[in-house]
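I have placed the structure first, in the form of structure tokens, so that the comments after it can refer back to it.
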Amino acid sequence: MSASLLSVSTALSSILLHGVGSILPAPLQGWLTNGNAIDALGILIFGVILLAASMLNTILLIWWERKLLGRFMDRRGAMHVGYAGLLQNFADGFKLFRKDTVRPRDADSMGFFVGPTAYLVTSLVIFAILPISTGWNSGNLPLSLLLAITIFSFAPLFIFISAWSSNNKYSLIGGMRSAAQMIAYEVPILLAIVAVVIVSGTFSLDTIVTEQQNYWYWGPLFLAMVVFVAGMLAEMERIPFDLPEAEAELVEGWNTEYGGMMFAYFMLTDYVRVLLGCFLIVLLFLGGWTMPSWVPSAWTSFPLAGIFWFMLKAYAVFTVFVWIRASLPRVRTDQLLRVGWNRMIPLSLVSIVLAAGLVLAKCVPVFGCLPNLGG
Amino acid sequence: MSEMWINMGPQHPMTHGLWNLRVKIDGEQVLDVDPEMGYLHRGIEKISEDRHYNEVITLMDRCCYVAGMSWEHLYVLAAEQALHVEPPERAEYIRVMSDEFQRIGSHVMWYAAFVQDIGLMTPFLYGMRDRDLVLDLFQSYTGARMTYEYMRVGGVRNDLPPGFIGEARKVCDWLIDRFVEYDQLCLNSDIFHKRCDGLGVMNAQACIDHGITGPMLRSAGVRRDLRKDRPYSAYDRLEFDVAHAEAGDVTARYLVRMEEMRQSVRIIRQSLDWLEHHPGPVLAQELPRWLGAPYAPVGREGYLLKRNYPKGLGFSAIEEPHGEALAYVVNEGSEHPYRVKFRSPVFANVSAARQYLVGYRVADIPPIMGSVDVCVGEVDR
């Protein structure tokens with residue numbers, strides 16, 4: 019359980035390089051089997067495994083949403099490709115992959131192609147920072163939370179670049195809405211995170227989870243969690259905050275002009291960001307991979323138990339998001355921004371004050387003064 | 103951002119059909135709108151002049167693809183007046199029942215499309231699911247789900263099949279329960295009220311000035327319903343209330359349509375009770391000889407038949423799901439109508455778009471236009 023993904027991939031790289039080196043002449047063997055080469059290949063293997071795992075999870079997430087939405091809507095969702103439609107998303111992906119990537123004549127070539135690609139890449143990079151279980155990645159990064167949120171907030175820039183370079187009025191309006199929305203909701207998200215940081219005393223996601231070993235933060239920091247989840251809904255552009263791609267008035271908003279693989283990039287990235295949002299919520303408020311002490315130890319000590327519980331929590335959070343999507347209409351831009359600036363920011367400030375109060379009252383990290391909710 | 107014109111249509115998710123709404127915007131603000139119609143013009147009025155009286159009914163189904171039955175009814179009422187034909191009473195009740203089922207079908211379809219415009223995906227599928235029951239009923243006695251070709255000048259084509267009344271009652275009970283569900287999904291949601299309250303307001307005077315009819319007019323507080331004010335078919339023998347609201351905004355139109363569906367169920371139940379106990383013919387016995395036949399008698403016989411048949415003018419006005427539809431049929435003594443003219447309620451409702459769209463935001467256009475319930479088939483004909 020404690021073997022980190024990086025150490026596993028480094029070991030794998032070491033076996034590979036030693037194997038290859040043994041059939042090569044000595045100088046090459048020495049060059050291949052020194053520490054630097056093994057580390058470099060190890061990081062590469064780490065990245066490939068992470069990429070494959072996150073992509074598979076994203077696709078599974080889309081499948082789960084389709085099935086769940088289907089049930090909410092009194093239908094069955096994807097059924098025909100694979101068992102219970104499990105391979106439907108692969109079929110859709112291959113369809114998009116086979117299609118031509120058409121660029122409008124007056125679109126800016128650079129921005130049109132770089133925008134979606136950068137949007138996808140910057141979102142995927144965050145998976146390397148988020149820990150899934152103990153010592154998952156390279157170790158305890160001291161500022162991993164800050165780094166993850168920073169990369170997470172690159173998105174409006176790339177969305178706006180792709181919208182603007184499409185040279186389409188719908189795209190431009192959608193891109194502006196998107197940028198305004200994301201920037202407006204960055205602030206409450208960051209302030210909600212400050213509450214977590216005050217209580218845990220660290221920016222390191224590993225340490226934040228370890229602090230929650232005995233006590234999940236959703237109880238004492240309930241207000242911060244509400245603000246964070248609502249802000250994340252806006253950041254992920256899901257109903258009720260999906261107006262940048264409001265299909266009724268803007269014809270899919272900022273990705274109107276995209277087709278084929280470029281469109282697939284956008285759709286995929288949307289779900290990658292949803293997955294990231296769920297991960298962050300689990301890490302910050304739902305105790306990450308830890309489980310309460312009343313859970314039988316047999317349930318938490320099997321191999322990869324940490325990853326299992328982490329993913330279970332993440333999918334549970336996502337289920338709530340799908341539930342919200344199935345039951346709420348979409349708000350309007352000005353209403354969204356008003357909620358963001360006039361309600362969310364004051365609420366997040368209140369949550370900071372509450373968190374500071376908790377620390378001053380010496381409730382943290384002992385929480386002796388509060389009933390035990392999660393740990 | 104500077105002012106610019108954008109086209110919402112002819113291929114646009116907002117339009118629900120083939121028409122174009124040109125919108126002048128400044129940022130998110132709507133400064134001017136210009137609805138353009140005519141993309142779906144098929145010349146139905148002109149084609150009708152070349153068809154036998156009963157063949158025009160086929161075209162009426164194509165007038166409005168969600169309310170074919172109402173348009174058939176509109177035409178046969180005018181044609182009967184022009185040809186001096188009196189339909190039997192049972193046919194009148196069947197027509198009323200079909201009209202009201204069609205109203206429910208059309209309004210449920212409207213509900214599905216409207217909630218989808220404001221981003222609610224789930225009720226869209228609920229609406230389509232429940233509309234299917236109505237279509238199943240239509241299929242059971244007309245054989246078709248969209249283009250029924252059921253009504254005839256002088257009655258209806260065939261009687262109801264055995265067991266139909268029980269099935270129809272079941273559907274009514276089911277629908278009444280679902281209307282509660284619809285309201286819960288929309289009216290209990292704060293976001294729904296944020297999106298719909300106070301939008302696209304038309305007061306009573308503005309509605310009357312622009313010839314707006316139907317649910318839009320009633321939502322502004324005017325209790326005008328042709329089924330009450332100028333009863334046709336069997337409506338004077340049935341009990342129902344005129345749904346109305348005061349606010350004249352999108353929510354008011356929603357409320358009016360929901361209440362209309364409940365009243366429709368009420369009317370259907372009464373007509374089913376009547377139909378159950380009053381068997382009889384459904385097609386008039388004394389029809390002009392050339393009307394029922396696929397081809398008119400030719401030669402001297404046909405000539406005399408037609409020459410001796412009295413000429414006439416027919417006018418009818420019915421409360422269609424979208425508003426007041428009028429028809430005018432001129433019988434000059436031949437097997438074809440000399441002239442057929444229709445008045446589409448949606449055309450007037452959409453033409454006033456400048457009145458209820460300017461000053462709102464781009465994001466308000468889908469809910470407002472959705473609340474108008476546009477059916478392009480009847481606008482362009």
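One line per chain: the protein sequences are D and A, in this order.
Quick note: the first sequence uses our numbering, first residue 19, plus one each step.
Quick note: the second sequence uses our numbering, first residue 103, plus one each step.
For every residue, glycine included, the Cβ atom is placed at its ideal position computed from N, Cα and C.
Nothing here was measured: the structure is a model prediction, and the numbers come from that model.
Under 8 Å between the Cβ atoms of residue i and residue j?
i: P134(D); j: Y283(D); result: yes
i: H379(A); j: E151(A); result: no
i: I167(D); j: V143(D); result: no
i: G435(A); j: K413(A); result: yes
i: Q131(A); j: M171(A); result: no
i: A340(A); j: V236(A); result: It should be pointed out that residue 340(A) corresponds to Leu in this sequence rather than to Ala. In this structure, V236(A) does not lie closer than 8 Å to L340(A) by Cβ.
i: V476(A); j: H118(A); result: yes
i: W234(D); j: F303(D); result: yes
i: I147(D); j: A374(D); result: no
i: F246(D); j: A210(D); result: yes
i: Y137(D); j: F176(D); result: yes
i: G129(D); j: W182(D); result: yes
i: F328(D); j: S151(D); result: yes
i: N433(A); j: G416(A); result: yes
i: T28(D); j: G39(D); result: no
i: P149(D); j: D260(D); result: no
i: G88(D); j: R94(D); result: yes
i: M280(D); j: T119(D); result: yes
i: S418(A); j: L179(A); result: yes
i: Y377(A); j: V135(A); result: Residue identity differs from the one stated: residue 377(A) is Leu in this sequence, not Tyr. No, these two residues do not count as a Cβ contact at 8 Å.
i: L486(A); j: V367(A); result: Residue 486(A) falls outside the range modelled here, since chain A spans only 103 to 483, and no answer is possible.
i: C274(A); j: I420(A); result: no
Tell me which residues share the same chain as residue i and place their Cβ nearer than 6 Å to its Cβ, disregarding the 5 neighbours each side in the sequence.
i: M162(A); result: W173, E174 and Y177
i: P258(D); result: L346, R348 and V349
i: M243(D); result: W236 and F303
i: E138(A); result: N122
i: P317(A); result: R355, V358 and R359
i: V344(A); result: R325, D327 and K330
i: G323(A); result: A306 and E348
Sorted by chain position, which residues of the same chain lie with C-beta nearer than 8 Å to residue i's C-beta, five sequence neighbours on each side aside?
i: S242(A); result: P263, F266 and E269
i: M19(D); result: The pLDDT assigned to M19(D) is 38, lower than 50, so where the model puts this residue is not dependable; a value taken from the coordinates is nonetheless given after this. Around M19(D): S151, T152, S319, P321, L322, A323 and G324.
Check the C-beta distance from residue i over to residue j and give it rounded, since I have them as a contact under 8 Å.
i: L301(A); j: D351(A); result: 5 Å
i: A96(D); j: W82(D); result: Not a contact, Cβ separation roughly 11 Å.
i: Y155(A); j: A181(A); result: 5 Å
i: L301(D); j: I207(D); result: L301(D) to I207(D), Cβ: 14 Å. No contact.
i: T353(A); j: H424(A); result: Contact doesn't hold; Cβ gap of about 19 Å is too wide.
i: L105(D); j: F64(D); result: About 27 Å separates the two Cβ atoms, so there is no contact after all.
i: Y213(A); j: Y167(A); result: About 17 Å separates the two Cβ atoms, so there is no contact after all.
i: E422(A); j: A169(A); result: 6 Å
i: K117(D); j: G278(D); result: 4 Å
With a CB to CB cut of under 7 Å and the five nearest residues on each side skipped, what residues in its chain are close to residue i?
i: I314(A); result: M304, A450, N451 and A454
i: V368(D); result: L241
i: T220(D); result: I226
i: G111(D); result: A282
i: G295(D); result: M250, E253 and M254
i: F281(A); result: M360, M363 and R364
i: N107(D); result: I77, I80 and W81
i: V214(D); result: I226, Y235, L239, A242 and L302
i: P174(D); result: S196, A197, M200 and I201
Handout entry: contact_flag[the segment 50-58 of chain D, the segment 185-196 of chain A] where n(CB pairs < 8 Å) is 3 or more
Key = no
Practice task
Count the CB pairs spanning the segment 296-316 of chain A and the segment 227-240 of chain A that are closer than 8 Å, and state whether there are at least three.
Solution key: no
Problem - Contained alpha helix (DSSP H) runs [length at least 4] in the segment 317-394 of chain A, N- to C-terminal order - result: 317-320, 328-331, 352-379 and 391-394
Problem - Near-chain B residues of the segment 72-97 of chain D - C-beta to any C-beta below 8 Å - result: Checking the listed chains, one finds no chain B in this structure; the protein chains it contains are D and A.
Exercise for the section: Return the chain-ordered ranges of every alpha helix (DSSP H) run that is complete within the segment 240-288 of chain A and spans a minimum of 4 residues. Expected result: none
Exercise for the section: Indicate whether the contact test is met: 3 or more Cβ pairs, each with one atom in the segment 174-190 of chain D and one in the segment 331-345 of chain D, closer than 8 Å. Expected result: Result no; under three Cβ-Cβ pairs closer than 8 Å.
Handout entry: the segment 454-470 of chain A contacting the segment 111-125 of chain A, beta-carbon criterion three pairs below 8 Å
Key = yes
Practice task
Entirely within the segment 342-370 of chain D and at least 3 residues each: give me those beta strand (DSSP E) ranges in chain order.
Solution key: Runs of the beta strand (DSSP E) inside the segment 342-370 of chain D: none found.
Handout entry: Three or more C-beta pairs below 8 Å linking the segment 255-262 of chain A and the segment 310-321 of chain D
Key = No: fewer than three Cβ pairs fall under 8 Å.
Problem - At least three beta-carbon pairs within less than 8 Å, the segment 475-483 of chain A to the segment 447-459 of chain A - result: Counting Cβ pairs under 8 Å, three or more are found: they touch.
Practice task
Taking only runs that begin and end inside the segment 51-114 of chain D, name each unbroken alpha helix (DSSP H) of 4 or more residues, in chain order.
Solution key: 53-90
Practice task
Pair every Cβ in the segment 229-244 of chain D with every Cβ in the segment 320-327 of chain D, then say whether three or more of these pairs are closer than 8 Å.
Solution key: no
Practice task
Count the C-beta pairs between the segment 278-293 of chain D and the segment 242-255 of chain D that are closer than 8 Å, then say yes if the count reaches three, no if not.
Solution key: yes
Handout entry: beta strand (DSSP E) runs wholly inside the segment 145-184 of chain D, at least 3 long, in chain order
Key = none
Exercise for the section: Entirely within the segment 251-313 of chain D and at least 4 residues each: give me those alpha helix (DSSP H) ranges in chain order. Expected result: 265-268 and 278-303
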